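Asker:
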Amino acid sequence: MKATSGHFVLEENVEYKDLAEVFPEVLITFLQETGQVPEDEDVLRMFIYLNQSELEKNRKPEGYNRKGRMRLVFPLDRKEFYIRGTSKSNEVVRIAEKLSRILKVANINHELEWNRLYLSE
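Residue numbering for the sequence shown follows my numbering, beginning at 42 and increasing consecutively.
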């Protein structure tokens, strides 16, 4: 299977603060799997800190929306986050499934859906 985006649609009972504890693992895994880990460890710590601080306040974080081969985005109008590749690929599917497993282990109830970007925008 190939996809351009993998969406983690959070169930109604899940709040952003529920993601705070697991988010560092999600972000680090995403960056490692996509080859986008910042060279400077302080930059990585800053991304984790800024996102985790927002989640702890039950607010939508920034994610990782930098120019690169993949992005991790929290859209403004929906209770979800997604990863998006620059083209349809097996990598999007593989990484999304890996992140979904991390969320499941942390008991974050969600549905993993594919290619919903243009349906919801």
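All residues carry an ideal CB built from backbone N, CA and C; glycine is no exception. Since this is a predicted model, take the numbers as computed values, not measurements.
#1: Check this for me: beta carbons of Met-111 and Thr-70, under 7 Å apart or not?
#2: Between the C-alpha atoms of Glu-162 and Ser-130, what's the straight-line distance to the nearest angstrom?
#3: Just to confirm, is the Cβ distance from Val-67 to Ile-143 under 7 Å?
#4: Distance, Cα to Cα, Tyr-90 vs Arg-135?
#5: The alpha helix (DSSP H) that contains Ala-137, what's its start and end?
#6: Give the single residue among Leu-113, Glu-53, Asn-99 whose Cα lies nearest to the Cα of Thr-45.
#7: Looking only at its own chain, which residues have a Cβ that is under 6 Å from the Cβ of Leu-158, when we skip the five neighbours before and after it?
#8: Any idea if Ile-149 is buried or exposed, counting beta-carbon neighbours within 10 angstroms, 16 or more meaning buried?
#9: Whole angstroms are fine: how far does the CA of Ser-94 sit from the CA of Glu-152?
#10: How many whole angstroms separate the CB atoms of Gly-104 and Phe-115, which I take to be in contact at a CB cut-off of 8 Å?
Answerer: Looking at the coordinates:
#1: Here residue 111 is taken as the residue at index 70 of the sequence shown, counted from 1. Here residue 70 is taken as the residue at index 29 of the sequence shown, counted from 1. No. Outside cutoff.
#2: For the purposes of this step, residue 162 is taken as residue 121 along the sequence shown, with counting starting at 1. For the purposes of this step, residue 130 is taken as residue 89 along the sequence shown, with counting starting at 1. Because Glu-162 sits at a pLDDT of 44, beneath the cut-off of 50, its placement in the model cannot be relied upon, and the following sentence gives the value as read from the coordinates. Whole-angstrom Cα-Cα distance: 21 Å.
#3: Indexing the sequence shown from 1 puts residue 67 at position 26. Indexing the sequence shown from 1 puts residue 143 at position 102. Going by C-beta atoms, Val-67 is nearer than 7 Å to Ile-143.
#4: Sequence index remark: in the sequence shown, residue 90 carries index 49 (1-based). Sequence index remark: in the sequence shown, residue 135 carries index 94 (1-based). Each residue's Cα considered, the two are about 26 Å apart.
#5: In the sequence shown, residue 137 corresponds to position 96, counting from 1. Looking at the DSSP string, the run of the alpha helix (DSSP H) that includes Ala-137 is 131-146.
#6: In the sequence shown, counting from the first residue as 1, residue 45 sits at position 4. Ranking the options by Cα distance to Thr-45, first place goes to Leu-113.
#7: Within the sequence shown, numbered from 1, the residue matching residue 158 stands at position 117. By the criterion of a C-beta distance shorter than 6 Å, Leu-158 is surrounded in its chain by Ser-46, once the five residues flanking it on both sides are discounted.
#8: The residue you call residue 149 lines up with position 108 of the sequence shown. Looking at its Cβ environment, which holds 16 or more other Cβ atoms inside 10 Å, Ile-149 is buried.
#9: The sequence position of residue 152 within the sequence shown is 111, counting from 1. The sequence position of residue 94 within the sequence shown is 53, counting from 1. So the alpha carbons of these two residues sit roughly 24 Å apart.
#10: As a first step, residue 104 is located in the sequence shown; it is residue number 63 there, counting from the start. As a first step, residue 115 is located in the sequence shown; it is residue number 74 there, counting from the start. Indeed they touch by this definition, with Cβ atoms about 5 Å apart.
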